[in-house]
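Presented below is the structure to which this report refers.
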Amino acid sequence: MHTHSQKRRSLALTIAFILTFSLLLAACGHPSGNTSDVNGTNNQHPSENVSENHVAPSTNNRTFTDALGHSVTIPANPKRIIAPYLEDHLLSLGIQPAAQWTVANGKQEYLQSAGLEGIPTINYDLPLEEVLSFEPDLILIGSEGLVDKGKYEQYSKIAPTFVLGDKLTQDWRKTLLKIGELLNREEQAKHVLAEYDAKVAETKEKIGPILDGKKVAVLWLIQKSFYTVSPQVASGAVLYGDLGLQPPALVTEIGEYAQASWNPVSLEKLAELDADYIFLVNSNSPGNKEMLEAPVWQHLPAVKENRVYEISSDSSWLYSGAIAGQQVMDDLVRLLNQ
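Terminal number for the sequence shown in the numbering used here: 1057, no gaps in between.
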(Lines of atoms letter the chains of each structure in order from A and count residues from 1; the text may use other names and numbers.)
(Lines give C-alpha, C1' and ligand atoms only; values in the text may rest on other atoms or scores of the structure.)
Protein backbone atom coordinates (compact mmCIF):
# COMPACT_ATOMS: atom_id res chain seq x y z
CA MET A 1 0.00 0.00 0.00
CA HIS A 2 1.37 3.40 -0.98
CA THR A 3 2.00 5.96 1.70
CA HIS A 4 0.60 9.46 1.31
CA SER A 5 4.00 10.96 0.52
CA GLN A 6 4.68 8.23 -2.04
CA LYS A 7 1.43 9.06 -3.79
CA ARG A 8 2.36 12.72 -3.92
CA ARG A 9 5.82 12.02 -5.30
CA SER A 10 4.21 9.82 -7.94
CA LEU A 11 1.73 12.57 -8.76
CA ALA A 12 4.51 15.14 -9.05
CA LEU A 13 6.33 12.89 -11.51
CA THR A 14 3.11 12.35 -13.44
CA ILE A 15 2.50 16.08 -13.67
CA ALA A 16 6.05 16.64 -14.84
CA PHE A 17 5.58 13.92 -17.46
CA ILE A 18 2.31 15.45 -18.61
CA LEU A 19 3.70 18.92 -19.13
CA THR A 20 7.01 17.80 -20.56
CA PHE A 21 5.35 15.85 -23.34
CA SER A 22 1.93 17.44 -23.80
CA LEU A 23 2.43 21.19 -23.56
CA LEU A 24 3.95 23.31 -26.27
CA LEU A 25 7.40 24.50 -25.32
CA ALA A 26 7.19 28.24 -24.88
CA ALA A 27 9.68 30.95 -24.07
CA CYS A 28 9.49 32.65 -20.70
CA GLY A 29 7.06 35.53 -20.68
CA HIS A 30 7.89 39.17 -20.09
CA PRO A 31 8.83 39.93 -16.48
CA SER A 32 5.95 41.19 -14.40
CA GLY A 33 6.49 43.38 -11.40
CA ASN A 34 3.64 42.84 -8.99
CA THR A 35 0.77 40.55 -8.20
CA SER A 36 -2.29 42.53 -9.24
CA ASP A 37 -5.97 42.36 -10.12
CA VAL A 38 -6.80 40.90 -13.51
CA ASN A 39 -8.56 43.51 -15.61
CA GLY A 40 -10.73 41.72 -18.15
CA THR A 41 -7.99 39.98 -20.11
CA ASN A 42 -10.17 37.01 -21.07
CA ASN A 43 -13.86 36.74 -21.83
CA GLN A 44 -13.91 33.29 -20.24
CA HIS A 45 -12.72 34.54 -16.87
CA PRO A 46 -15.26 33.20 -14.37
CA SER A 47 -15.28 36.33 -12.24
CA GLU A 48 -15.02 39.00 -14.90
CA ASN A 49 -18.28 40.64 -13.85
CA VAL A 50 -17.84 40.21 -10.13
CA SER A 51 -18.01 43.47 -8.27
CA GLU A 52 -15.79 42.01 -5.56
CA ASN A 53 -12.85 42.03 -7.99
CA HIS A 54 -11.75 45.24 -6.35
CA VAL A 55 -11.78 44.09 -2.75
CA ALA A 56 -11.41 46.70 -0.06
CA PRO A 57 -7.86 46.41 1.27
CA SER A 58 -7.54 44.68 4.61
CA THR A 59 -5.56 46.46 7.28
CA ASN A 60 -4.79 43.46 9.45
CA ASN A 61 -2.57 40.45 9.04
CA ARG A 62 -4.34 37.19 9.87
CA THR A 63 -2.99 33.91 11.19
CA PHE A 64 -4.02 30.46 9.93
CA THR A 65 -2.87 26.90 10.58
CA ASP A 66 -1.80 25.04 7.44
CA ALA A 67 -1.98 21.33 6.57
CA LEU A 68 1.37 20.66 8.25
CA GLY A 69 0.36 22.37 11.49
CA HIS A 70 2.34 25.55 10.91
CA SER A 71 0.91 28.77 12.28
CA VAL A 72 1.22 31.12 9.30
CA THR A 73 0.60 34.86 9.38
CA ILE A 74 -0.83 35.93 6.03
CA PRO A 75 -0.05 39.53 5.00
CA ALA A 76 -3.06 41.82 4.84
CA ASN A 77 -2.63 42.56 1.13
CA PRO A 78 0.03 40.35 -0.49
CA LYS A 79 1.26 41.74 -3.80
CA ARG A 80 3.75 39.12 -4.97
CA ILE A 81 2.23 35.66 -4.58
CA ILE A 82 3.89 32.47 -5.76
CA ALA A 83 1.34 29.65 -5.94
CA PRO A 84 2.57 26.85 -8.23
CA TYR A 85 -0.19 24.87 -9.95
CA LEU A 86 -2.78 26.99 -8.13
CA GLU A 87 -2.91 29.72 -10.76
CA ASP A 88 -6.42 28.81 -11.92
CA HIS A 89 -7.73 29.67 -8.45
CA LEU A 90 -5.82 32.95 -8.20
CA LEU A 91 -7.03 34.11 -11.60
CA SER A 92 -10.58 33.10 -10.72
CA LEU A 93 -10.29 35.51 -7.79
CA GLY A 94 -8.94 38.27 -10.02
CA ILE A 95 -5.32 37.94 -8.87
CA GLN A 96 -2.21 37.55 -11.00
CA PRO A 97 0.67 35.62 -9.44
CA ALA A 98 4.24 36.90 -9.43
CA ALA A 99 5.31 33.79 -11.37
CA GLN A 100 3.63 30.90 -13.15
CA TRP A 101 4.39 27.21 -12.80
CA THR A 102 6.22 25.40 -15.60
CA VAL A 103 7.98 22.17 -16.56
CA ALA A 104 10.63 22.30 -19.30
CA ASN A 105 9.21 25.71 -20.31
CA GLY A 106 5.79 24.11 -20.83
CA LYS A 107 3.10 26.42 -19.48
CA GLN A 108 -0.54 26.00 -18.62
CA GLU A 109 -1.52 27.38 -22.01
CA TYR A 110 -5.24 27.47 -21.26
CA LEU A 111 -4.58 30.15 -18.61
CA GLN A 112 -2.46 32.47 -20.72
CA SER A 113 -5.36 34.49 -22.10
CA ALA A 114 -7.04 34.36 -18.68
CA GLY A 115 -4.29 36.48 -17.14
CA LEU A 116 -0.99 34.57 -17.19
CA GLU A 117 0.30 35.86 -20.51
CA GLY A 118 3.53 37.74 -19.88
CA ILE A 119 3.94 36.39 -16.34
CA PRO A 120 7.47 34.95 -15.87
CA THR A 121 7.84 31.26 -15.17
CA ILE A 122 9.20 29.34 -12.22
CA ASN A 123 10.23 25.69 -12.37
CA TYR A 124 7.72 23.18 -10.97
CA ASP A 125 10.02 22.06 -8.12
CA LEU A 126 10.53 25.65 -6.90
CA PRO A 127 14.33 25.96 -6.78
CA LEU A 128 15.30 28.18 -3.86
CA GLU A 129 17.27 30.61 -6.02
CA GLU A 130 14.31 31.13 -8.35
CA VAL A 131 11.92 31.70 -5.46
CA LEU A 132 14.32 34.27 -3.98
CA SER A 133 14.57 36.09 -7.30
CA PHE A 134 10.84 36.89 -7.31
CA GLU A 135 10.91 38.42 -3.81
CA PRO A 136 7.49 36.98 -2.91
CA ASP A 137 5.51 38.23 0.07
CA LEU A 138 3.41 35.03 0.21
CA ILE A 139 3.97 31.45 -0.96
CA LEU A 140 1.03 29.08 -1.35
CA ILE A 141 1.86 25.38 -1.73
CA GLY A 142 -0.64 22.75 -2.81
CA SER A 143 1.11 19.52 -1.84
CA GLU A 144 3.05 18.54 1.26
CA GLY A 145 5.48 16.75 -1.04
CA LEU A 146 6.71 20.06 -2.47
CA VAL A 147 8.09 21.15 0.89
CA ASP A 148 9.68 17.96 2.20
CA LYS A 149 13.38 17.50 3.01
CA GLY A 150 13.62 20.85 4.76
CA LYS A 151 12.22 22.93 1.90
CA TYR A 152 9.46 24.41 4.03
CA GLU A 153 11.97 25.94 6.42
CA GLN A 154 13.87 27.44 3.50
CA TYR A 155 10.78 28.91 1.83
CA SER A 156 9.36 30.26 5.09
CA LYS A 157 12.54 32.29 5.60
CA ILE A 158 11.79 34.05 2.32
CA ALA A 159 8.07 34.69 2.84
CA PRO A 160 5.10 33.35 4.81
CA THR A 161 4.50 29.87 3.38
CA PHE A 162 1.12 28.17 3.66
CA VAL A 163 0.65 24.51 2.68
CA LEU A 164 -2.90 23.69 1.61
CA GLY A 165 -2.32 19.93 1.61
CA ASP A 166 -3.18 17.03 -0.65
CA LYS A 167 -6.47 16.23 1.06
CA LEU A 168 -7.82 19.71 0.38
CA THR A 169 -6.47 20.16 -3.14
CA GLN A 170 -8.13 16.97 -4.35
CA ASP A 171 -11.28 19.12 -4.46
CA TRP A 172 -10.80 22.27 -6.52
CA ARG A 173 -13.91 23.91 -5.06
CA LYS A 174 -12.66 23.57 -1.50
CA THR A 175 -9.25 24.77 -2.65
CA LEU A 176 -10.75 27.89 -4.21
CA LEU A 177 -12.74 28.65 -1.06
CA LYS A 178 -9.68 28.21 1.16
CA ILE A 179 -7.55 30.48 -0.99
CA GLY A 180 -10.39 32.98 -0.97
CA GLU A 181 -10.39 32.85 2.82
CA LEU A 182 -6.62 33.30 3.04
CA LEU A 183 -6.67 36.28 0.68
CA ASN A 184 -9.75 37.94 2.15
CA ARG A 185 -11.84 37.14 -0.93
CA GLU A 186 -14.32 34.68 0.52
CA GLU A 187 -17.38 36.29 -1.06
CA GLN A 188 -15.73 36.45 -4.45
CA ALA A 189 -14.85 32.76 -4.24
CA LYS A 190 -18.48 31.94 -3.47
CA HIS A 191 -19.58 34.08 -6.40
CA VAL A 192 -17.19 32.23 -8.72
CA LEU A 193 -18.71 28.91 -7.63
CA ALA A 194 -22.22 30.25 -8.17
CA GLU A 195 -21.26 31.34 -11.68
CA TYR A 196 -19.75 27.93 -12.31
CA ASP A 197 -22.90 26.14 -11.18
CA ALA A 198 -24.97 28.37 -13.46
CA LYS A 199 -22.66 27.44 -16.33
CA VAL A 200 -23.19 23.75 -15.54
CA ALA A 201 -26.97 24.16 -15.68
CA GLU A 202 -26.76 26.08 -18.94
CA THR A 203 -24.46 23.48 -20.50
CA LYS A 204 -26.72 20.61 -19.46
CA GLU A 205 -29.58 22.22 -21.35
CA LYS A 206 -27.47 22.63 -24.48
CA ILE A 207 -25.94 19.15 -24.63
CA GLY A 208 -28.76 17.14 -23.06
CA PRO A 209 -30.65 16.49 -26.31
CA ILE A 210 -27.45 15.15 -27.89
CA LEU A 211 -25.85 13.13 -25.10
CA ASP A 212 -28.84 11.96 -23.09
CA GLY A 213 -28.48 8.19 -22.61
CA LYS A 214 -25.16 8.12 -24.47
CA LYS A 215 -21.86 6.84 -23.09
CA VAL A 216 -19.03 9.37 -23.24
CA ALA A 217 -15.28 8.77 -22.89
CA VAL A 218 -12.34 11.14 -22.54
CA LEU A 219 -9.04 9.74 -23.78
CA TRP A 220 -5.58 11.24 -23.90
CA LEU A 221 -3.17 10.02 -26.59
CA ILE A 222 0.50 10.71 -25.94
CA GLN A 223 3.68 8.92 -26.97
CA LYS A 224 1.71 6.12 -28.70
CA SER A 225 -0.22 5.35 -25.51
CA PHE A 226 -3.86 5.88 -24.58
CA TYR A 227 -4.94 7.10 -21.14
CA THR A 228 -8.41 7.48 -19.68
CA VAL A 229 -9.28 10.24 -17.25
CA SER A 230 -10.34 9.50 -13.70
CA PRO A 231 -14.03 10.39 -13.19
CA GLN A 232 -13.01 12.46 -10.15
CA VAL A 233 -10.53 14.91 -11.70
CA ALA A 234 -10.00 17.37 -14.55
CA SER A 235 -12.38 16.93 -17.51
CA GLY A 236 -13.58 13.65 -16.02
CA ALA A 237 -15.02 15.48 -13.02
CA VAL A 238 -16.69 18.01 -15.33
CA LEU A 239 -18.29 15.47 -17.67
CA TYR A 240 -19.23 12.74 -15.22
CA GLY A 241 -19.61 14.75 -12.02
CA ASP A 242 -20.87 18.21 -12.92
CA LEU A 243 -22.75 17.37 -16.12
CA GLY A 244 -23.81 13.87 -15.08
CA LEU A 245 -22.79 12.22 -18.35
CA GLN A 246 -22.60 8.43 -18.48
CA PRO A 247 -19.12 6.86 -18.58
CA PRO A 248 -18.53 3.61 -20.47
CA ALA A 249 -18.01 0.47 -18.38
CA LEU A 250 -14.28 0.52 -19.13
CA VAL A 251 -13.86 4.01 -17.65
CA THR A 252 -15.79 3.02 -14.54
CA GLU A 253 -13.79 -0.19 -14.18
CA ILE A 254 -10.42 1.54 -14.42
CA GLY A 255 -11.57 4.34 -12.12
CA GLU A 256 -12.42 1.85 -9.37
CA TYR A 257 -8.87 0.61 -8.89
CA ALA A 258 -6.63 3.29 -10.38
CA GLN A 259 -5.19 6.10 -8.25
CA ALA A 260 -3.73 8.36 -10.94
CA SER A 261 -5.54 11.22 -12.65
CA TRP A 262 -4.90 9.64 -16.06
CA ASN A 263 -4.53 5.88 -16.30
CA PRO A 264 -3.04 3.82 -19.15
CA VAL A 265 -5.31 1.70 -21.33
CA SER A 266 -3.81 -1.27 -23.15
CA LEU A 267 -4.90 -1.93 -26.73
CA GLU A 268 -6.56 -5.10 -25.51
CA LYS A 269 -8.68 -3.12 -23.03
CA LEU A 270 -9.23 -0.31 -25.52
CA ALA A 271 -11.06 -2.77 -27.76
CA GLU A 272 -13.70 -3.02 -25.01
CA LEU A 273 -14.48 0.71 -25.10
CA ASP A 274 -18.14 0.93 -26.08
CA ALA A 275 -18.43 4.72 -25.87
CA ASP A 276 -20.92 6.43 -28.15
CA TYR A 277 -18.81 9.60 -28.09
CA ILE A 278 -15.07 10.00 -27.58
CA PHE A 279 -13.32 13.25 -26.75
CA LEU A 280 -9.66 12.72 -27.62
CA VAL A 281 -6.93 14.92 -26.17
CA ASN A 282 -4.27 14.44 -28.84
CA SER A 283 -0.71 15.47 -28.02
CA ASN A 284 0.30 14.88 -31.66
CA SER A 285 3.51 13.22 -30.48
CA PRO A 286 5.43 10.81 -32.76
CA GLY A 287 3.51 7.62 -33.43
CA ASN A 288 0.08 8.97 -32.56
CA LYS A 289 -1.10 8.96 -36.17
CA GLU A 290 -0.18 5.30 -36.40
CA MET A 291 -2.23 4.52 -33.29
CA LEU A 292 -5.29 6.23 -34.77
CA GLU A 293 -4.96 4.14 -37.93
CA ALA A 294 -4.70 0.85 -36.03
CA PRO A 295 -7.57 -1.67 -36.47
CA VAL A 296 -8.40 -1.69 -32.75
CA TRP A 297 -9.08 2.06 -32.87
CA GLN A 298 -10.87 2.00 -36.21
CA HIS A 299 -13.31 -0.65 -34.95
CA LEU A 300 -14.48 1.32 -31.92
CA PRO A 301 -18.20 2.23 -32.15
CA ALA A 302 -17.60 5.98 -31.75
CA VAL A 303 -14.93 5.94 -34.46
CA LYS A 304 -17.12 4.04 -36.91
CA GLU A 305 -19.98 6.48 -36.25
CA ASN A 306 -17.65 9.49 -36.73
CA ARG A 307 -18.25 10.67 -33.17
CA VAL A 308 -14.66 11.34 -32.13
CA TYR A 309 -13.76 14.94 -31.30
CA GLU A 310 -10.09 15.87 -31.10
CA ILE A 311 -8.91 18.41 -28.55
CA SER A 312 -5.51 20.04 -28.28
CA SER A 313 -3.32 19.01 -25.36
CA ASP A 314 -2.87 22.74 -24.73
CA SER A 315 -6.50 22.89 -23.68
CA SER A 316 -7.94 22.86 -20.17
CA TRP A 317 -9.04 19.21 -20.35
CA LEU A 318 -5.97 18.06 -18.40
CA TYR A 319 -6.58 20.45 -15.50
CA SER A 320 -8.98 21.24 -12.66
CA GLY A 321 -10.42 24.58 -11.58
CA ALA A 322 -13.21 27.03 -12.30
CA ILE A 323 -11.56 28.39 -15.44
CA ALA A 324 -10.55 24.93 -16.65
CA GLY A 325 -14.03 23.52 -16.12
CA GLN A 326 -15.80 26.38 -17.86
CA GLN A 327 -13.51 26.04 -20.86
CA VAL A 328 -14.22 22.29 -21.01
CA MET A 329 -17.95 23.04 -21.07
CA ASP A 330 -17.49 25.63 -23.81
CA ASP A 331 -15.52 23.09 -25.84
CA LEU A 332 -18.26 20.48 -25.41
CA VAL A 333 -20.98 22.78 -26.67
CA ARG A 334 -18.87 24.00 -29.59
CA LEU A 335 -17.73 20.54 -30.71
CA LEU A 336 -21.15 18.93 -30.49
CA ASN A 337 -22.75 21.71 -32.52
CA GLN A 338 -20.15 22.17 -35.21
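We treat Cβ as the ideally placed atom computed from N, Cα and C, and that holds for glycine.
Restricting to Cα atoms, I'd like to know which of the options is closest to residue i.
{"i": "Ala1041", "options": "Asp961, Gln1057, Pro1005 and Ile997", "result": "Asp961"}
{"i": "Asp972", "options": "Gly963, Leu1037 and Ala936", "result": "Asp is not the amino acid found at residue 972; the sequence shown has Glu there. Checked all of Gly963, Leu1037 and Ala936; the closest Cα to Glu972 is Ala936."}
{"i": "Ala878", "options": "Phe945, Ile838 and Leu851", "result": "Leu851"}
{"i": "Ile1030", "options": "Phe998, Lys1023, Glu1012 and Trp1016", "result": "Phe998"}
{"i": "Gly788", "options": "Ala1013, Glu863, Ser1035 and Pro1014", "result": "Glu863"}
{"i": "Thr782", "options": "Arg892, Gln942 and Leu902", "result": "Leu902"}
{"i": "Gln873", "options": "Leu896, Asp885 and Glu849", "result": "Glu849"}
{"i": "Thr840", "options": "Ala833, Val822 and Ser832", "result": "Val822"}
{"i": "Leu1019", "options": "Leu969, Gly1006, Pro855 and Gly955", "result": "Leu969"}
{"i": "Ala786", "options": "Ile929, Lys876, Gly899 and Asp885", "result": "Asp885"}
{"i": "Tyr996", "options": "Gln965, Gln942, Asn1007 and Ala1013", "result": "Gln965"}
{"i": "Ala1013", "options": "Trp1036, Glu987, Asp1033 and Ser1032", "result": "Glu987"}
{"i": "Trp891", "options": "Gly861, Glu1024 and Gln978", "result": "Gly861"}
{"i": "Arg1026", "options": "Ser1034, Ser1032 and Gln1017", "result": "Gln1017"}
{"i": "Lys1023", "options": "Leu1011, Asp1033 and Ser1032", "result": "Leu1011"}
Please classify residue i as buried or exposed, where buried requires at least 16 other C-beta atoms within 10 Å of its C-beta.
{"i": "Asp867", "result": "exposed"}
{"i": "Leu1051", "result": "buried"}
{"i": "Tyr976", "result": "exposed"}
{"i": "Leu883", "result": "buried"}
{"i": "Ala1021", "result": "buried"}
{"i": "Ala953", "result": "buried"}
{"i": "Gln1045", "result": "buried"}
{"i": "Asn1056", "result": "exposed"}
{"i": "Arg799", "result": "buried"}
{"i": "Ser766", "result": "Bear in mind that the predicted position of Ser766 carries a pLDDT of just 43, short of 50, making it unreliable; the figure below should be weighed with that in mind. Its Cβ being crowded by 16 or more others within 10 Å, Ser766 is buried."}
{"i": "Asp916", "result": "exposed"}
{"i": "Pro797", "result": "buried"}
{"i": "Glu914", "result": "buried"}
{"i": "Ser985", "result": "exposed"}
{"i": "Thr784", "result": "exposed"}
{"i": "Ile929", "result": "exposed"}
{"i": "Lys897", "result": "buried"}
{"i": "Gly869", "result": "exposed"}
{"i": "Gly963", "result": "exposed"}
Hey, residue i and residue j are a contact pair by Cβ (cut 8 Å); roughly how many whole angstroms apart?
{"i": "Pro967", "j": "Asp993", "result": "5 Å"}
{"i": "Phe853", "j": "Ala817", "result": "5 Å"}
{"i": "Leu810", "j": "Ala833", "result": "5 Å"}
{"i": "Pro983", "j": "Ser944", "result": "6 Å"}
Check whether the Cβ atoms of residue i and residue j lie closer than 8 Å to each other.
{"i": "Leu912", "j": "Asn1001", "result": "no"}
{"i": "Val791", "j": "Thr880", "result": "yes"}
{"i": "Arg904", "j": "Leu835", "result": "no"}
{"i": "Gln815", "j": "Ile801", "result": "no"}
{"i": "Asp807", "j": "Tyr1038", "result": "yes"}
{"i": "Leu887", "j": "Ile793", "result": "no"}
{"i": "Met1048", "j": "Lys918", "result": "yes"}
{"i": "Pro803", "j": "Leu845", "result": "yes"}
{"i": "Leu805", "j": "Leu865", "result": "no"}
{"i": "Ser980", "j": "Val948", "result": "yes"}
{"i": "Tyr829", "j": "Ala1043", "result": "yes"}
{"i": "Trp820", "j": "Gln831", "result": "no"}
{"i": "Gly974", "j": "Pro950", "result": "yes"}
Mind checking whether the beta-carbon of residue i lies closer than 7 Å to any heavy atom of the ligand FAD?
{"i": "Gly955", "result": "The ligand FAD is absent from the structure shown, which contains no ligand whatsoever."}
Query raised in the report: Curious, which full-length alpha helix (DSSP H) runs of at least 4 residues does the stretch 971-1033 contain?
Result: 986-989, 1007-1012, 1014-1017 and 1020-1023
Query raised in the report: Enumerated in chain order, which unbroken segments of the alpha helix (DSSP H) with a length of 4 residues or greater are wholly contained in the stretch 766-832?
Result: 806-811
Query raised in the report: In chain order, which alpha helix (DSSP H) runs of at least 4 residues are fully inside the stretch 892-973?
Result: 905-930
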